[in-house]
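Going by the numbering used here, the sequence shown opens with residue 669, and the numbers climb by one from there.
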Amino acid sequence: MIRLHHVPLARSFRVLWLMEEMGLEYELAYYSIRDGSMRAPEFLALSPAGRVPVLEHEGNVWFESGAIVQMLCETYPQAGLMPPPGHPDRARFLEMLHYAETVGSLLENLNLNLVFLRPPATPSVPVVKLLNARLRASLAAMEGRLTGDHLLPSGFSAADIMFGYGFELARYYVDLDQYPRLVAYWEGLRARAAYARAKARDGEQDIYARAFYPVPEEGA
Ligand SMILES: N[C@@H](CCC(=O)N[C@@H](CS)C(=O)NCC(=O)O)C(=O)O
């Protein structure tokens, strides 16, 4: 039995997409970040920080998207979505798996400031400016490095799922037209049949109410 604990459009989408790429059969348990369900004792027993994704897999419980992605790639090596130890792309694969969370943590902090903070609390403009600049710099660095259709010279891998997911969400905070290579790369990923199948099961997101969240004006 495989069950993914999932919030639409959250990092659990990485695992959903990977499982579609692998052709696995799985159930989804849906949550919302907004309704307190992720602070219920039953959920905290699965996920110590009350976060998604959590994957129940054949009697084991795994959390942290990067770890789950790596575990699935190791459990199903026939899917060929991870260069094994000793492969020339192995180091780059691991770098990208974790770089995806450098981007993910910036997005998360922008979300906290601009999406989840409730009045009378107001976002810190200097902090949001800094987060936005760091997000742009982390994407620009990848724009400069990308040389082909995928992050690894050997082709599509789970690293594209980890990083590509974050690139899609960056559109809420930065103008993606600044990164034409990454946009072309992302268009290629979105065209994958498994991505479309994952999107069909993702569910209605209730995180973002707007299409774009600019850096607020000082004193606004
Ligand atoms: N590094 C963790 C981060 C997980 C995480 O923060 N997930 C978010 C959704 S994208 C979450 O569950 N947030 C709920 C909360 O912060 O209360 C991972 O990659 O799995």
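Cβ coordinates follow ideal geometry from the N, Cα and C atoms, glycine included.
Beta-carbon proximity list for residue i, same chain, < 7 Å, skipping 5 on both sides
i, result
"V683", "L672, P721, L723, S733, I736, V737"
"A767", "Contrary to the premise, residue 767 reads as Tyr rather than Ala in this sequence. F831."
"E769", "G734"
"Y841", "L778, N800, L803, Y881"
"L857", "D828, G832, Y863"
"L785", "P791"
Residue i Cβ short of 7 Å to ligand 1 heavy atom set
i, result
"A801", "no"
"M739", "no"
"G704", "no"
"I701", "yes"
"P848", "no"
"E732", "yes"
"P721", "yes"
"G911", "Past the boundaries of the shown model lies residue 911; the chain is included only from 669 to 888, so the question cannot be answered."
"V631", "Lying outside 669 to 888, the shown extent of the chain, residue 631 is not represented and no answer is given."
"A678", "yes"
"G832", "no"
"G823", "no"
"E776", "yes"
"G691", "no"
"G871", "no"
"V675", "yes"
"E836", "no"
"G718", "yes"
"E769", "yes"
Best match in the options for proximity to residue i [C-alpha to C-alpha]
i, options, result
"Y694", "Q746, E726, F831, Y853", "E726"
"I701", "A717, M687, N728, L692", "A717"
"N777", "L712, A759, N800", "N800"
"P848", "L780, G704, G816", "G816"
"D757", "V851, A713, P821, P791", "P821"
"E886", "P745, V795, R839", "V795"
"K797", "E811, E688, L782, Y876", "L782"
"V793", "R679, S680, A697, P884", "P884"
"A890", "L749, L696, C741", "Any answer about residue 890 is impossible in this case: the structure gives the chain only from 669 up to 888."
Cross-strand partners of residue i (DSSP beta bridge)
i, result
"V722", "H673, F731"
"Y698", "H674"
Chain-order list of residues whose beta-carbon lies under 6 Å from that of residue i (same chain, five-residue window excluded)
i, result
"A747", "M690"
"V851", "L844"
"H818", "F824, D828"
"M764", "L819, A827, F831"
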